[in-house]
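Asker:
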Amino acid sequence: MTAQTPPTPPFRDPQLPFAKRIDDLLQRLTLDEKISFLHQFAPAVERLGIDAFRTGQEALHGVAWMGPATVFPQAVGLGATWNTDLVRRVGEAVSKETRAMRARDDRVGLNIWSPTVNLLRHPLWGRNEEGYSEDPKLTSAIAVAYTRGLRGDHPTYWRTAPVLKHWLAHNNETDRATSSSSVRPRVLHEYDLRAFREAVEAGAVAGVMPAYNLVNGRPNHVSPHLREHLRSWTDEDLLVCSDAAAPSNLVDLEHYFETHEEGTAAALRAGVDSFTDHGTDSSQIVGRVKKAYEQGLLTEADIDTAVRRQLSVRFRLGEFDPLYDPHAGTGDFDTPAHRALAQEAAEQAVVLLKNDGLLPLPPDTRVAVVGLLADECKLDWYSGTLIHRSTPLEGLYERFGAERVEFAEGVDRVLLKTSTGTFLHVSEAADAADEVRGAQGALDPALLAGRTDLPPLTADPMGTEFALVDWGEGILTLRAPDGRYLSVADDGYVRASADQPGGWIVQETFRLEPHENGHLLRHVGTGRHVSVAADGVKVADGNPELEAKPEIFEIIVTERAEDAVTQVTARADVVLVVAGNDPHINGRETEDRTTLRLPAHQERILRAARAANPRTVLALVSAYPYAVATGALPAVLWTAHGGQAAGTALARVLAGDVSPAGRLPQTWYEDDADLPDLFDYDVIGGRQTYLYFEGTPLFPFGHGLSYATFTYADLAVRADDEAVHISFTVTNTGDLTADEVAQLYTRAAEPTVTRPRRELLAHRRITLAPGAREELSFEVPLSAFEFWDVARGAWRLEPGPYDVLVGASSEDIRLRTTVVLDGEPHSPRAVLQHGLDAADFDEQSGVAIVDRTRMSGDAVTAAAGRSAELVYRDCDFGDGVTEVTVSVAGEGVIEVSLDGGALLAALTPDPATTSDDPYAYTTLEAGLVAEGVHDVHIRLRGPLRLAHVGFSG
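Letter by letter, the sequence shown follows residues 6 to 958 in our numbering.
1. Are there 16 or more other CB atoms within 10 angstroms of the CB of residue 514, so buried, or fewer, so exposed?
2. Kindly indicate which residue of 868, 878, 838 has the alpha-carbon position closest to the one of residue 948.
3. Starting from residue 524, follow its DSSP beta bridges and name the residues at the other end.
4. Excluding sequence positions up to five away, which residues of its chain have a Cβ less than 7 Å from the Cβ of residue 456?
5. Output the boundary residues of the beta strand (DSSP E) element that contains residue 490.
6. Can you check which of these residues, 644, 519, 483, is closest to residue 505 by C-alpha distance?
7. Excluding the 5 residues flanking residue 309 on each side, which residues of the same chain have their C-beta closer than 8 Å to its C-beta?
8. Contact between the stretch 302-319 and the stretch 62-82: three or more CB pairs below 8 Å?
9. By alpha-carbon positions, which one of 793, 766, 809, 114 ends up nearest to residue 146?
10. Quick one: is the Cβ of residue 862 within less than 7 Å of any heavy atom of the ligand SAM?
11. What residues in its chain sit with their C-beta under 7 Å from that of residue 926, if we drop five residues either side in the sequence?
12. What separation, rounded to the nearest whole angstrom, lies between the Cα atoms of residue 841 and residue 794?
13. Report all residues from its chain with a CB closer than 8 Å to the CB of residue 20; omit the five preceding and five following residues, and keep chain order.
14. Closest by CA to residue 573, which one among 604, 610, 916, 599?
15. What did DSSP end up calling residue 533 once you bin it into helix, strand or coil?
16. Report the option in 451, 485, 781 whose CA atom is closest to the CA atom of residue 386.
17. Taking the alpha carbon of residue 780 as the reference point, which residue from 847, 716, 882, 646 has its own alpha carbon closest?
18. Count the other C-beta atoms from every protein chain shown that fall within 10 angstroms of the C-beta of residue 576, then say buried if there are 16 or more, exposed otherwise.
19. Looking only at DSSP bridge pairs, what is residue 214 linked to?
20. Relative to the C-alpha of residue 373, which candidate in 862, 772, 583 has its C-alpha closest?
21. Looking only at its own chain, which residues have a Cβ that is under 6 Å from the Cβ of residue 253, when we skip the five neighbours before and after it?
22. Would the stretch 588-608 and the stretch 621-638 be scored as touching if the rule is three or more Cβ pairs under 8 Å?
23. Distance check for residue 900 and residue 880, CA to CA, integer angstroms please.
24. From residue 615 to residue 649, what distance separates their C-alpha atoms?
25. Check this for me: beta carbons of residue 788 and residue 888, under 8 Å apart or not?
26. Would you tell me roughly how many angstroms separate the C-alpha atoms of residue 292 and residue 184, rounded to the nearest one?
27. By a C-beta neighbour count over all protein chains shown, 10 Å radius and 16 as the cutoff for buried, is residue 943 buried or exposed?
28. Considering residue 100, what are the terminal residues of the alpha helix (DSSP H) in which it resides?
29. Just the Cα atoms here: how many angstroms apart are residue 556 and residue 530?
30. Please classify residue 103 as buried or exposed, where buried requires at least 16 other C-beta atoms within 10 Å of its C-beta.
31. Run through DSSP, which three-state label would residue 422 get?
32. Can the beta-carbon of residue 647 be found less than 8 Å from the beta-carbon of residue 654?
33. How close, in whole Å, do the beta carbons of residue 412 and residue 380 come, if the pair is a contact with beta carbons under 8 Å?
34. Pick out whichever of 50, 24, 82, 830 has its Cα sitting closest to the Cα of residue 671.
35. May I have the straight-line CA-CA distance separating residue 101 from residue 338, to the nearest angstrom?
36. Can you give me the Cβ contacts of residue 756 inside the same chain, cut-off strictly under 7 Å, excluding the 5 residues immediately before and after it?
Given below as structure tokens:
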């Protein structure tokens with residue numbers, strides 16, 4: 006007899022819909038197996054032939070952390086291209102390399118934790134490099150393009166599954182796991198949610214990752230917005246992956262729940278489906294979920310819902326249909342096409358900020374290139390390892406010829422003399438191999454250890470000359486003549502061992518601290534001073550009894566940066582100063598910047614170059630904007646760290662092989678005084694970003710110059726019941742082929758509430774030959790002209806005139822007209838029927854929005870140390886009221902007045918009945934006589950929370 010082949014289980018049947026297959030698989034899994042799937046590292050289920058799976062593969066601008074890969078420009082650089090077709094092609098290349106790398110290394114995952122769509126609200130945010138723009142429309146356009154490239158075009162199977170980061174209102178690294186972003190309803194809907202919404206609605210997003218911070222007093226990992234908004238935007242199952250260690254933070258740092266079981270259960274019920282916690286060790290999360298289930302905090306249906314969402318992604322990735330997966334054989338990796346695309350992206354990211362005619366440079370120009378980034382190709386925390394590398398110096402050598410290019414880095418060269426008269430010395434290590442940090446790949450590069458195979462520094466009569474760079478705020482690096490940076494490994498010894506500064510905790514930075522007649526050298530990573538011992542130079546071990554006495558160094562400068570710069574710049578036709586940041590120092594994940602200013606060391610280099618040769622071009626290579634004095638400079642450019650082809654791209658732009666057409670994705674402010682507080686998330690009240698900023702920027706949003714000239718004409722606007730149809734022409738009036746980025750803005754001409762000064766509706770990057778003309782047409786839905794009406798708790802199109810503005814930047818407007826739109830007229834607030842939800846104010850001062858309960862709703866309170874002022878416009882009291890009621894928790898005073906007039910009511914909770922529980926609300930009543938329409942003014946004194954105000958009588 007022949008044994009019968011077991012029937013194929015339904016979850017393995019590719020002819021069935023995914024939903025039915027998931028139903029079948031869920032009922033086959035045991036409860037313990039389903040719970041095990043909730044951790045980032047889901048184990049295999051061998052009895053069902055199911056492989057292990059992990060969520061999370063970083064790929065922000067190339068496959069990160071897993072070794073060599075094509076490295077594209079940083080995300081903010083991709084945003085600066087304003088080119089959705091290009092960014093889609095970059096996403097395709099990244100997803101193909103992800104597939105190719107996974108075929109040979111199963112540590113590489115297909116659930117991509119990219120892109121970052123947090124809006125670049127504040128330029129001092131440490132992770133500015135990860136976002137695309139300060140504008141929600143541009144951010145969503147670039148994010149949609151990237152996710153479509155990552156997803157692929159197949160209708161059923163996805164090449165990779167992108168997850169958007171970081172939900173929600175996340176723009177500060179300082180106290181990022183405990184700070185709360187106070188986000189009023191208009192800012193929530195009109196600003197922070199928009200970039201996520203438009204990307205999700207486009208259909209190429211597999212999920213989101215909540216951010217570490219709290220919003221309105223509630224951790225993002227238990228946010229009701231996940232259910233109320235995110236999951237309402239699509240019929241697809243979205244996978245919500247926690248950020249690393251964030252589930253534990255709910256208890257350990259935020260103290261929002263008393264037990265981990267409560268916190269884990271609350272996050273799961275709120276919509277978190279995969280828990281990234283305790284690295285590869287799933288036992289903690291699995292144990293917490295099991296206890297939560299046993300305690301009745303979770304049901305099996307709750308667990309099934311989360312597992313279903315994860316399985317939905319796995320099915321879409323083709324895991325269960327290997328014979329049908331069209332992406333299974335993808336092998337495109339480091340192809341000529343990918344290299345060309347990396348160069349194209351780097352070229353398109355270059356923004357020409359200023360040009361008095363010095364650029365482009367003739368081919369016989371003698372160039373002096375100077376600066377700390379002139380011979381660097383910097384990577385950031387979310388980069389892969391470089392396969393190819395091009396620095397600005399190398400690009401200039403290639404383009405102009407080495408005989409026409411001179412170079413001075415502009416470092417201070419120093420000897421470090423000890424108190425005994427010896428010098429710090431780097432011993433030779435001839436047999437030591439060159440190593441690049443992370444080249445072998447790592448699931449968690451934060452765990453990579455420093456090298457210990459090289460000899461520690463010693464004190465020697467013959468000292469080693471170090472290249473000293475001060476990167477600002479007193480943070481400096483020291484580099485040996487062989488190019489290796491001084492670093493500290495786990496054993497505490499100081500070695501010249503690092504190819505670049507890097508790591509989760511950077512071990513290559515130091516501070517010089519004046520002490521007696523010299524300086525102490527403090528290692529920033531450990532916080533300890535450098536000492537000299539018989540067995541080598543080390544940092545103190547932290548034990549006062551065993552700690553070696555810190556060494557007092559004399560800093561002997563053998564060459565000043567300015568002197569080296571002056572030597573090469575005076576005899577050049579043109580000087581190129583390449584300045585900017587190291588992405589691992591002063592402004593990165595975990596660390597915000599403190600100033601827009603260029604570090605003093607680099608200002609010294611720039612001044613020296615300009616003094617020696619006024620034909621000085623400044624090229625800023627940075628992850629964020631600077632406030633620099635550009636008046637005396639004939640030309641200024643900016644580019645983000647441009648990946649593997651950065652140097653070639655910059656050289657080709659300088660030479661005119663490529664006309665620059667990058668545009669600023671965020672406002673460049675003139676001074677730190679123009680910035681709001683880092684923690685002020687009220688872009689409307691704080692007049693933030695180009696949308697509301699009323700000052701004069703250094704360079705405006707959308708700015709970027711060209712080597713060509715363009716004219717705009719033939720503006721035509723027509724509105725119907727669904728959209729506004731806009732067209733115009735752009736003509737290249739220059740003498741070379743070039744790209745132009747045509748930008749379309751609007752502003753409400755007669756708003757009844759504060760509206761943006763102008764707001765991007767659409768844009769298009771086009772290529773035009775000399776004399777060529779192109780007509781551009783846009784269909785803008787009427788919804789793009791709406792605002793969130795807090796009086797109604799809904800979107801509303803205000804009737805009236807709207808300016809239509811067309812130009813080359815937010816300030817360089819070439820064409821304008823007005824269109825009158827029909828809409829819903831303003832009506833007063835029906836406070837008799839609905840009262841006032843406290844967070845639905847029109848204006849505020851000194852207010853912090855907080856959580857009304859742990860799981861839902863908002864309340865308001867006075868910000869620390871302040872009294873709070875709230876204004877609710879146009880409240881209709883009808884024929885009259887005689888009483889006001891307030892729902893409050895805590896102690897303090899609520900004062901109510903109308904139209905800014907005299908105090909009409911003061912309500913004070915009885916201290917004897919108040920509780921320490923911030924959610925223990927009580928209702929207070931007081932007499933208040935009013936009729937007709939008035940503005941309600943409320944002042945809060947003390948730490949009480951106000952949830953609701955009602956009127957009756």
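All C-beta atoms, glycine included, are put in the ideal place defined by N, C-alpha and C.
Answerer: Put simply:
1. buried
2. 868
3. 519, 558
4. 440, 494, 500, 502
5. 490-493
6. 483
7. 31, 39
8. no
9. 766
10. Among the components modelled here there is no ligand, and therefore nothing to report on the ligand SAM.
11. 892, 893, 894, 952
12. 13 Å
13. none
14. 610
15. strand
16. 451
17. 716
18. exposed
19. 170
20. 583
21. 282
22. yes
23. 17 Å
24. 29 Å
25. no
26. 28 Å
27. buried
28. 89-109
29. 18 Å
30. buried
31. strand
32. yes
33. 7 Å
34. 82
35. 7 Å
36. 803
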